[in-house]
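*Asks:*
Numbering (our numbering), first residue to last: 19 to 242.
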């Protein structure tokens, strides 16, 4: 196993370890290009002597670990800087369907969810009813966290709410990307004629703290 490490202060260090029969065998000090025995056997001393006395091999190791490896690492860091320095992002969308199949309670005219994107992975999502967290149950459906192709993650939280149930609802999101409580709060109002449950779908996606979306009982979506 061999490679190099580039530290934040831009210093670097190479490393190389050799194994034999599942055991550590030799290690290389890349600064002065000397080989150290990991086990003192006749064979290991022979290999150590062979490497140490090979001028061409020694020069190759010195260039590889102190120059080439570091240069390649810096190049990779430069090309991958945008991804490596990426900070967390979180956006939130709340969907309330407007048209219903009254026999099933589901929306007819548009989907009640979408892809959930956020980064990094750790996240906490909860619904609050009148300030109290809604416990797991048939009305609350939270998907597992799944990876996306762009290295973000997705999650969906769905809460079924009966129309005119007289309660207020808040969706609370804790995520590293939220540096302070977000001011993006909306009053989500709906008054369908049916008495069937209304799903409220939370979609979280890629911008450390909490985000609140307030849901109350009225027919329009308006910012607070």
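Cβ atoms here follow ideal geometry from the backbone N, Cα and C, with glycine treated the same way.
For residue 61, which residues of its own chain have a beta-carbon under 8 Å away from its beta-carbon, when the five flanking residues on both sides are left out?
*Replies:* On the chain shown, residue 61 is found 43 positions in, with the first residue counted as 1. Result list for residue 61: 38, in chain order.
*Asks:* Residue 160 to residue 97, Cα distance in whole Å?
*Replies:* Translated into the one-based positions of the chain shown, residue 160 becomes position 142. Translated into the one-based positions of the chain shown, residue 97 becomes position 79. Those two C-alpha atoms are separated by around 37 Å.
*Asks:* Can you tell me whether DSSP reads residue 25 as helix, strand or coil?
*Replies:* For this step, residue 25 is matched to residue 7 along the chain shown. The answer is coil: DSSP assigns residue 25 none of H, G, I, E or B.
*Asks:* Taking C-alpha atoms, which residue in 83, 175, 179 lies nearest to residue 190?
*Replies:* Here residue 190 is taken as the residue at index 172 of the chain shown, counted from 1. Residue 175 is the option with its Cα nearest to residue 190.
*Asks:* For residue 56, collect the residues of the same chain with a Cβ closer than 7 Å to its Cβ; drop the 5 residues on either side in sequence, then sort them by chain order.
*Replies:* Sequence index remark: in the chain shown, residue 56 carries index 38 (1-based). Closer than 7 Å at the Cβ level, and outside the excluded window around residue 56, lie 42, 43, 44, 45.
*Asks:* Does DSSP put residue 59 in a helix, in a strand, or in coil?
*Replies:* As a working mapping, residue 59 is identified with position 41 in the chain shown. In the structure shown, residue 59 sits in coil (DSSP, three-state: anything other than H, G, I, E or B).
*Asks:* What would DSSP say about residue 172, mapped onto helix, strand or coil?
*Replies:* What you label residue 172 is simply residue 154 of the chain shown in a count that begins at 1. Here residue 172 sits in strand by DSSP.
*Asks:* Once DSSP output is grouped into helix, strand and coil, what is the label at residue 178?
*Replies:* Indexing the chain shown from 1 puts residue 178 at position 160. Strand, per DSSP.
*Asks:* Starting from residue 42, trace the alpha helix (DSSP H) both ways and give me its first and last residue.
*Replies:* Looking up residue 42 in the chain shown gives position 24. Premise fails: residue 42 lies in the beta strand (DSSP E), 41-47, not in any alpha helix (DSSP H).
*Asks:* Grouping DSSP H, G and I as helix and E and B as strand, with all else coil, what is residue 160?
*Replies:* What you label residue 160 is simply residue 142 of the chain shown in a count that begins at 1. Strand, per DSSP.
*Asks:* What's the gap between the Cα of residue 34 and the Cα of residue 69?
*Replies:* Numbered from 1 along the chain shown, position 16 holds the residue referred to as residue 34. Numbered from 1 along the chain shown, position 51 holds the residue referred to as residue 69. Cα-Cα distance, rounded: 13 Å.
*Asks:* Residue 185 to residue 169, Cα distance in whole Å?
*Replies:* Here residue 185 refers to the residue found at position 167 of the chain shown. Here residue 169 refers to the residue found at position 151 of the chain shown. For residue 185 and residue 169, the distance between alpha carbons rounds to 37 Å.
*Asks:* Which first and last residues belong to the beta strand (DSSP E) in which residue 31 is found?
*Replies:* Translated into positions along the chain shown, residue 31 becomes position 13. Where residue 31 is concerned, the enclosing beta strand (DSSP E) stretches over 30-38.
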